[in-house]
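Asks: Encoded as structure tokens, here's the structure I'll be asking about.
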Amino acid sequence: MQDVIIIGAGVIGCAIARELSRYQLKILVLEKESDVCEGTSKANSAIVHAGYDAKPGSLKAKLNVEGNKLMEDLSHELDFAFRRNGSLVLCFHKEEREQLEKLFNNGLKNGVTGLKILEKEEIKKLEPNISDEVCAALYAPTGGIVCPFNLTIALAENAYTNGTEFKLNTEVMDIIKIMESTYENYYRLKTNQGEFTTKIVINAAGVYADKFHNMVSEDKMHITARKGEYCLMDKAVGDYVDKTIFQLPNKFGKGVLVTPTIHGNLLIGPTALDIQDKEMINTTADALNEVIEKAKKSVNQLPLNKIITSFAGLRAHAEQDDFIIEEVKDAPGFIDVAGIESPGLSSAPAIGRFVEKMVLQILPAMKKNNFIGHRKGVINLSSLTYGERKELIKKNPAYANVICRCETVTEGEIMDAINRPLGAVTLDGIKRRTRAGSGRCQAGFCLPKTMSILARELHVDSKDITKCGGKSYILLKTDEETER
Ligand SMILES: Cc1cc2nc3c(=O)[nH]c(=O)nc-3n(C[C@H](O)[C@H](O)[C@H](O)COP(=O)(O)OP(=O)(O)OC[C@H]3O[C@@H](n4cnc5c(N)ncnc54)[C@H](O)[C@@H]3O)c2cc1C
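Just so we're aligned, residue 2 is where the sequence shown starts under this note's numbering, counting upward by one.
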């Protein structure tokens with residue numbers, strides 16, 4: 002019997018796992034995909050919001066501001082990329098200024114520090130490429146950008162190092178509530194890899210959280226998948242803007258932004274469209290054209306010839322329009338962490354701590370005295386000095402063999418990504434841990450080499466290597482080979 006089972010290894014499940022791994026608890030994370038960070042956590046704007054737009058008093062407001070404050074220290078403890086680049090919300094007409102001031106006051110109520118309303122000349126000084134139509138902007142210096150993959154992977158690796166068990170490729174199919182008495186109850190989870198029992202379930206299943214809530218409660222929940230599409234541009238224009246540029250929010254959220262990414266690309270998006278199919282993460286010409294048209298409003302001469310790829314993610318929108326983080330009334334020991342749409346990524350460190358307290362109230366536990374709070378990420382050769390690189394290459398010549406030319410990723414870094422705790426087992430897993438394949442050519446050149454390193458390190462045939470698990474094979478397999 003487990004003490005805690007967490008359904009879902011997105012940023013939320015992994016943040017909770019990491020906080021709980023400080024305690025003498027038996028924790029298991031169940032994830033249906035072949036890696037962590039395969040759901041919404043892999044496809045978003047990656048902004049660590051300042052926290053001025055959520056309704057004062059809401060969980061979104063409280064946890065966003067707290068999460069934003071925690072992110073910097075966490076990035077040092079767990080070695081992931083984060084930068085406080087600040088953000089601007091643009092206003093294009095005098096009549097909209099009232100909305101900007103409302104946002105400013107909202108931010109003050111939420112406890113956001115450093116907010117300022119800037120006039121056109123000040124904005125143009127900060128951001129020369131901003132549209133000439135701008136008349137004022139809300140400046141939030143605490144806004145930041147993060148690598149969502151590295152954040153999630155870092156949390157997961159650290160939880161794993163501290164004894165949390167992860168079962169990947171394990172899809173939860175059904176949950177049975179077993180009530181033996183008022184005090185004694187537990188849950189049986191049926192999966193495609195067998196059954197598991199646990200005293201506490203944490204439902205961090207993203208857009209599917211309603212499905213699991215509804216298995217144990219009479220009070221039904223509905224999560225709507227709200228799709229957002231993006232265009233990603235080449236590093237050549239990564240400094241086109243320095244801050245994250247928003248427009249005034251609308252009823253569907255924060256609107257289309259233009260932002261540098263933490264890795265030095267330029268990102269524009271997202272759209273917002275409610276959809277039925279929770280697996281539909283394709284991009285469409287209409288939505289991408291909408292992104293481009295809206296982004297053009299924020300900056301002059303958007304460098305459209307630098308687009309290298311597009312992607313889409315699904316927000317988990319709850320009717321309450323707030324995060325739902327609570328023990329289900331008619332299911333003691335079952336904790337929903339649902340409706341975690343934006344600012345979920347920003348709030349993740351605070352959500353981890355919030356749920357930690359809830360779990361300890363249900364199941365008091367002692368702290369471990371051997372908890373390891375720090376973790377070292379995959380070595381990034383490009384961030385080292387010439388001397389450091391030389392030293393590393395002397396110890397391991399694989400660090401001299403450049404595999405991904407666009408992002409300058411070496412064989413040594415790829416081997417590290419594979420052979421570390423909860424290491425990469427797919428090409429996407431390598432991409433998210435090292436950036437091999439995420440550059441201008443989008444893996445056009447490095448894919449065959451990365452594939453053979455992966456096959457060699459995992460001791461499997463190249464034909465068994467997948468892009469992202471399941472049947473996403475790169476090389477053609479016969480029916481017989483697929484069966485095996
Ligand atoms: C377009 C868009 C833009 C966004 N921008 C931002 C932003 O800039 N800043 C910000 O703070 N937030 C942003 N967000 C929100 C943020 O991305 C989410 O709040 C966060 O990623 C949610 O994480 P999660 O762990 O709850 O969900 P997920 O990452 O989706 O994780 C849930 C996991 O549960 C697994 N799962 C589901 N069903 C099962 C099952 N049956 N068995 C086992 N496992 C299962 C899934 O495979 C998945 O890995 C954005 C979201 C979107 C879509």
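Where a beta carbon is used, it is the ideal one built from N, C-alpha and C, also for glycine.
Tell me where the beta strand (DSSP E) around E291 begins and ends.
Replies: Looking at the DSSP string, E291 is not in any beta strand (DSSP E); the run it does join, the alpha helix (DSSP H), is 286–299.
Asks: Here's the rule: buried if 16 or more other CB atoms are within 10 angstroms of the residue's CB, otherwise exposed. What is R406?
Replies: With fewer than 16 other Cβ atoms within 10 Å, it is exposed.
Asks: Going by C-alpha to C-alpha distance, which of L21, V12, I13, H460 sits closest to Q3?
Replies: Ranking L21, V12, I13, H460 by Cα distance to Q3 puts L21 first.
Asks: When burial is assigned at 16 or more other CB atoms within 10 Å of the CB, is V66 buried or exposed?
Replies: Flag for V66 reads buried.
Asks: When you measure from the CB of A296 to every non-hydrogen atom of ligand 1, does any distance come out below 7 Å?
Replies: The answer is no for A296.
Asks: Measuring only the C-alpha atoms, how far is F197 from V113?
Replies: Their Cα atoms are separated by approximately 43 Å.
Asks: Compute the minimum distance between the beta carbon of Y53 and the heavy atoms of ligand 1, and state whether it is under 7 Å.
Replies: Result no, Cβ not under 7 Å from ligand 1.
Asks: Rounded to whole angstroms, what's the CA-CA distance from A399 to L393? Just pull it up for me.
Replies: Whole-angstrom Cα-Cα distance: 9 Å.
Asks: CB V410 to CB A437, shorter than 8 Å?
Replies: Taking 8 Å as the Cβ cut-off, V410 and A437 qualify as a contacting pair.
Asks: Beta-carbon within less than 6 Å of I269's beta-carbon, same chain only, minus the 5 sequence neighbours each way: which residues are those?
Replies: Here the set comprises C232, V259, V292, A296.
Asks: Taking the straight line between their C-alpha atoms, what separation do you get for P271 and T310?
Replies: The straight-line gap from Cα to Cα measures roughly 14 Å.
Asks: What number of angstroms, rounded off, separates the C-alpha of E294 from the C-alpha of E230?
Replies: Distance between the alpha carbons of E294 and E230 is about 13 Å.
Asks: Grab the span of the beta strand (DSSP E) containing E120 for me, first residue to last.
Replies: Unbroken beta strand (DSSP E) run through E120: 117–120.
Asks: For a test of the three-state rule: what should DSSP assign to Y231, helix, strand or coil?
Replies: Correct three-state label for Y231: strand.
Asks: Going by the CB atoms, is the gap between L477 and I466 shorter than 8 Å?
Replies: Contact flag unset, no.
Asks: Can you pull the DSSP bridge partners for S311?
Replies: DSSP lists C232 as partners of S311.
Asks: Tell me, please, which residues DSSP counts as bridged to A339.
Replies: DSSP output for A339 lists I325 as bridge partner(s).
Asks: Just grab the DSSP bridge partners of M222 for me.
Replies: Bridge partners of M222: none, in fact.
Asks: Please name the residue, chosen from N215, G144, H264, A141, that lies closest to M174 on a Cα-to-Cα basis.
Replies: Comparing Cα positions, the closest option is N215.
Asks: Could you please give the first and the last residue of the uninterrupted alpha helix (DSSP H) stretch that includes I154?
Replies: Segment 149–162, the alpha helix (DSSP H) holding I154.
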